[in-house]
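Trainee:
Numbering (the numbering used here), first residue to last: 444 to 532.
1) What residues in its chain sit with their C-beta under 8 Å from that of residue 506, if we drop five residues either side in the sequence?
2) From what residue to what residue does the alpha helix (DSSP H) around residue 459 run?
3) Rounded to the nearest angstrom, how far is the Cβ of residue 517 from that of residue 462, given a contact under 8 Å?
4) Comparing C-alpha positions only, which one of 526, 513, 504 sits nearest to residue 449?
5) Can you grab the Cα-Cα spacing for the pair residue 511 / residue 494, in whole Å?
6) Using DSSP with H/G/I as helix, E/B as strand and the rest coil, what is residue 477?
7) For the ligand MN, is there any heavy atom lying closer than 7 Å to the beta carbon of residue 528?
8) Give the DSSP-derived three-state secondary structure of residue 489 in the structure shown.
See below:
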């Protein structure tokens, strides 16, 4: 069995470092938007829930987006997170 090089794997999967970076950015903004909206539903916490939601959304979405982008191309990553925003938030 032939071993594939990194370049060959990237050509087949569409993944690249750029796609991982774009996935991190898309995931962070998508999750921050969604979690910030849901975290800000209560007026009683004076925006603390919204700030926590945005912060956690950036962290979780950034890591998840980078991992997803590492195995998919940029268009697939963007479509994935757009579907999450459409269905969750």
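Ideal placement from N, C-alpha and C gives every residue a C-beta, glycine not left out. As the structure is a prediction and not an experimental result, all values here were calculated from the model.
Mentor: Looking at the atomic coordinates:
1) Within the chain shown, numbered from 1, the residue matching residue 506 stands at position 63. Excluding positions up to five away in sequence, the list reads 467, 470.
2) Indexing the chain shown from 1 puts residue 459 at position 16. In the DSSP assignment, residue 459 falls outside any alpha helix (DSSP H), carrying neither H nor E.
3) Working through the chain shown from its first residue, we reach residue 517 at position 74. Working through the chain shown from its first residue, we reach residue 462 at position 19. The Cβ separation is near 5 Å, so the contact holds.
4) On the chain shown, residue 449 is found 6 positions in, with the first residue counted as 1. When only C-alpha atoms are compared, the closest one is 513.
5) Reading the chain shown from its first residue, position 68 is the one you call residue 511. Reading the chain shown from its first residue, position 51 is the one you call residue 494. Taking the straight line joining both Cα atoms gives about 25 Å.
6) Walking along the chain shown from the start, residue 477 turns up at place 34. Looking at residue 477 - three-state DSSP - the assignment turns out to be helix.
7) Among the components modelled here there is no ligand, and therefore nothing to report on the ligand MN.
8) Position 46 of the chain shown, counting from 1, holds the residue named residue 489. Coil.
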